[in-house]
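Asker: Please find one structure pasted underneath; my questions will follow.
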Amino acid sequence: MVAAALSGRAKLNTLTFLCHSCFNRLNYSISVGLHSAKGIRPFNTLHRCRNFFLNNCIKSIPVGALLDWPTFSPSILFVSCQSISTQASPAEFVDEALTEVLSVMVNSQNSGEELCAAYVDKFCNDRNLSAAAKLLQTLHDKNILLPPSAYNRLLKAAGEENDVDLLCQSFKDLLVSCKSLNSSTYLIFAQAFIKQNDVACLLRFVREISELIFPSTTTTTTVLNRIIFAFAECGQVDKALMIFDQMKSLKSKPDVITYNTILGILGRCGRIDEMLKEFVAMKEDNLIPDIFSYNTLITGLRKVGRLESCLVFFKEMCERGIEPDLRTYSALIDSFGKSGNIEESLRLFNEIKHRGICPSIHVYRSLISNLKKMGKLELAVAFSNEMKESISNHCGPNHIQQRNR
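Next up, the structure:
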């Protein structure tokens, strides 16, 4: 009767009472239904009242009054009491949610996924993470692939509850069930470890990841690279470096992307000597540095004023047949200009045009600013006119007029 009323097939005109078991089911059904309805902000149905009932009686709630919301206003003062044997178990909630999701998926995959996400969100809000995990795991066992957003909600909740075991297991389940994950999923996972100091747990997780078999073309090294990057992004540099060190003892060895990521992390932190050490280790592992490797090195070195070392690596990359790009030249031209070596900046600027690389606005402005500081005003004006002409040729007069407004 209640199900028919909720689905619109019938209307309850009389006041109907439910035992607490049915009450809990109704609470979940209504909450999830309202949550998944787009454009409607859910109110907290019966959940807000669930701990307030008459003592020593069957817990009940008038369904008719609920369906007439918001005209119904409780006039009886309820007191807190303990649950009795009629309360539904978490397993029953999961089974009912699973049945409903599978039923909806028969007609619409998207609707089923939305309903599942709503149930996961509901379970997580109620801090019933085991129910959310069981629902996702059961669907996974049935080869029903859900979007990462459903797992993301569980990952975030597990992190908030400091449930590292559930966090790691859910992340592994997600990795083997999805073709690819976006950066937000990796970031959510990494953020959960901010308050965690269990290094052994993290390294054990890394070893377990190395033994997984992933779908599509995803590799273990790719996954670990993204985990390292995510940890660094949320400020956990030391943990990112520990994962990197752990990789060296696994079958999934660091690749060029791994080393480039580490070079970038160390360079941004100003740990230049460590950065140079890892660059040497990279070559000792028979990995060939690419344009990103050298750009990262040059960027890190210029930040601490080691301009001569910048030139050394610039020459090395050219000798290896790696063509410098705009980022390479931008870093060098700006660095030498600020250090007062304007002649070297001009030489590099002429070289960039000789190679057929179009200087960016940033390069022009940096060069013009440094020329003015050195008192070379005529040359600064000449480059300023050249910059305007370059913009005009690439963007057209309409763009120039809009920029000048």
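In UniProt numbering, the protein residues as written are 1 to 405. Don't be surprised by glycine CBs; every beta carbon is placed ideally from N, CA and C.
Below 8 Å on the Cβ atoms is my contact criterion, and I expect Ile243 with Ile227 to pass it. Report the Cβ-Cβ distance as a whole number of Å.
Answerer: Contact flag correct, Cβ pair sits at about 6 Å.
Asker: Report back the beta-carbon spacing between Val164 and Gln196 to the nearest angstrom; my notes put them in contact at under 8 Å.
Answerer: 6 Å between Cβ atoms; contact.
Asker: Spatial neighbours of Val206 within its chain, please: C-beta separation below 6 Å, excluding the five flanking residues on both sides.
Answerer: Hits under 6 Å: Ile243 and Gln246.
Asker: In chain order, which continuous runs of the alpha helix (DSSP H) of length 4 or greater are located wholly inside the region 322-394?
Answerer: DSSP runs (the alpha helix (DSSP H)) wholly in the region 322-394: 326-338, 342-354 and 361-373.
Asker: Regarding Leu145 and the ligand NAD, is the C-beta to nearest heavy atom distance less than 7 Å?
Answerer: For the structure depicted, the ligand NAD is absent and the ligand set is empty, with no information on it obtainable.
Asker: Return the residue from the list Ile288, Phe336, Ile322 and Arg327 that minimises the CA-CA distance to Arg306.
Answerer: The shortest Cα separation from Arg306 among Ile288, Phe336, Ile322 and Arg327 belongs to Phe336.
Asker: Consult DSSP for Glu211 and reduce its assignment to one of helix, strand or coil.
Answerer: In this structure, Glu211 counts as coil in the three-state DSSP scheme.
Asker: Whole angstroms is fine: what's the gap from His47's alpha carbon to Ala158's?
Answerer: For His47, the predicted structure reports a pLDDT of 39, less than 50, and the residue's modelled location is therefore unreliable. A value from the coordinates is still provided. Cα to Cα, His47 sits roughly 22 Å from Ala158.
Asker: Looking at Ile333 and Leu348, is the spacing between their C-beta atoms short of 8 Å?
Answerer: For Leu348 and Ile333, yes; Cβs fall inside 8 Å.
Asker: Tell me which residues share the same chain as Thr185 and place their Cβ nearer than 6 Å to its Cβ, disregarding the 5 neighbours each side in the sequence.
Answerer: So the qualifying residues of the chain are Pro148 and Asn152.
Asker: By the three-class DSSP mapping on this structure, what secondary structure does Thr218 have?
Answerer: Here Thr218 sits in coil by DSSP.
Asker: Comparing C-alpha positions only, which one of Asn260, Leu102 and Asp126 sits nearest to Asp141?
Answerer: Per the Cα distances, Leu102.
Asker: Quick one: what does DSSP say Asn44 is sitting in, helix, strand or coil?
Answerer: Summary for Asn44: the model assigns pLDDT 37, below 50, so the residue's position carries little reliability; its value from the coordinates is reported in the next sentence. Coil, per DSSP.
Asker: On the three-state DSSP scale, how would you describe Ser183?
Answerer: Three-state result, Ser183: helix.
Asker: Ignore the nearest five residues each way along the sequence and tell me which others in Leu97's own chain have a CB closer than 7 Å to its CB.
Answerer: Residue identity check: residue 97 is Ala in the sequence provided, not Leu. Once the five neighbours on either side are set aside, the close Cβ partners of Ala97 are Tyr119 and Leu135.
Asker: Verify whether the separation of the beta carbon atoms of Ala192 and Leu167 is less than 8 Å.
Answerer: Cβ distance < 8 Å, so Ala192 and Leu167 count as in contact.
Asker: Helix, strand or coil, according to DSSP, for Lys134 in the structure here?
Answerer: Lys134 falls in the helix class under three-state DSSP.
Asker: Can you tell me whether Ala230 is buried or exposed? The criterion is at least 16 other CB atoms within 10 Å of its CB, across all chains shown.
Answerer: Its Cβ being crowded by 16 or more others within 10 Å, Ala230 is buried.
Asker: When we look at the beta-carbon of Asn350 and count the other beta-carbons within 10 Å, is it buried (16 or more) or exposed?
Answerer: By the neighbour-count rule (16 or more Cβ atoms within 10 Å), Asn350 is not buried but exposed.
Asker: Could you compute how far the alpha carbon of Val280 sits from the alpha carbon of Ile188?
Answerer: Approximately 33 Å, taken between the alpha carbons.
Asker: If we ignore side chains and look at the alpha-carbon of each, how far apart do Met374 and Tyr329 end up?
Answerer: Straight-line Cα distance between these residues: approximately 20 Å.
Asker: Would you kindly report the start and end of the unbroken alpha helix (DSSP H) that includes Ser249?
Answerer: Unbroken run through Ser249: none, as it is neither H nor E.
Asker: Please state if the CB of Met275 and the CB of Leu266 are separated by a distance shorter than 8 Å.
Answerer: Result yes, Cβ atoms of Leu266 and Met275 sit closer than 8 Å.
Asker: Between the beta-carbon of Leu155 and the beta-carbon of Cys116, is there less than 8 Å?
Answerer: Cβ distance not < 8 Å, so Leu155 and Cys116 don't count as in contact.
Asker: Following the continuous alpha helix (DSSP H) through Val176, name the residue where it begins and the one where it ends.
Answerer: Val164 to Ser177 is the span of the alpha helix (DSSP H), which, as asked, contains Val176.
Asker: Residue 423: buried (16+ other C-beta within 10 angstroms of its C-beta) or exposed?
Answerer: Any property of residue 423 remains undetermined from this structure, which presents the chain solely from 1 to 405.
Asker: Tell me which same chain residues have a C-beta within less than 7 Å of the C-beta of Gly112, skipping the five on either side of it?
Answerer: Counting only Cβ-Cβ distances below 7 Å, and skipping sequence neighbours, we find Val101, Val104 and Met105.
Asker: For a test of the three-state rule: what should DSSP assign to Leu287, helix, strand or coil?
Answerer: Here Leu287 sits in coil by DSSP.
Asker: DSSP on Ile257, reduced to helix/strand/coil?
Answerer: Helix.
Asker: Where Asp290 and Lys315 are concerned, what is the direct C-alpha to C-alpha distance, given to the nearest angstrom?
Answerer: Each residue's alpha carbon lies about 14 Å from the other.
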